[in-house]
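Taking UniProt numbering as reference, the numbering of the sequence shown is continuous, increasing by one, and the terminal residue is 156.
Positions of the beta carbon are idealized from the N, C-alpha and C atoms, including for glycine.
Notes for the one structure printed next.
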Amino acid sequence: MEYKEEQVQELEQQFLLVCDQLRQQLSCDFTGVALQKIQGVDITWPFVSGNRNQKYKYITVRYGKGIAGRVIASGSPMEIVQFPDNIIGKSTEYPIMLAEKMITAYAMPLLWQGSPKGALLIGYRSKHRLEENDYVNLKELGKKVEKLLPLYFAEN
């Protein structure tokens, strides 16, 4: 029992390390990993870095809703600039953006067994323009997160 608990803590540390690396490399304010629950379609934010509060722990969105839900449903990246202007739907459908007071965000899908099951998000609390190398760094670290997904889904 204790061994399994240690494994879970180690896995959590690995996810958080990637979030921290991404936040440092891109000088962003927030990074997070949203994952779809193995049973059902709900999506939560189990791993974040740069959070201003603990609200992320209580955020659950449905498949297709919010930035994470839309990225997972479409299997395509999504960028938000000047939130809440020019978004699809209502601002209340983007609880992570509201909770962390983000203005700019970019999220990419995370694949597990060939299907999008999560999203890796970076966010800024001010207006920001991403450069080409930012997308490259995000994709590279996204691959690191994807390598952790089999361990995460085996635990949950």
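Taking every protein chain shown into account, the CB of A154 has fewer than 16 other CB atoms within 10 angstroms, so this residue is exposed. Assignment of beta-bridge partners to L11 by DSSP yields no partner.
The count of Cβ pairs closer than 8 Å, one atom from the stretch 88-107 and one from the stretch 47-56, reaches three, so the stretches are in contact.
At a Cβ-Cβ threshold of 8 Å, G142 and L120 count as neighbours.
Contiguous beta strand (DSSP E) elements confined to the stretch 36-68 occur at 43-49, taking only those with 3 or more residues.
Assignment of beta-bridge partners to A107 by DSSP yields M78, L121. For the set L138, D20, V41, the Cα lying nearest the Cα of G64 is the one of V41. Beta-bridge partners of A34 (DSSP): A119. Around the C-beta of S27, fewer than 16 other C-beta atoms lie within 10 Å, and the residue is accordingly described as exposed. Non-local C-beta neighbours of G89 in its own chain, meaning closer than 8 Å and more than five positions away in sequence, comprise K65, ordered along the chain. A107 is positioned such that its CB atom lies closer than 8 Å to that of A68. Rounded to whole angstroms, the Cβ separation of I103 and R125 is 6 Å, and the two are in contact under 8 Å.
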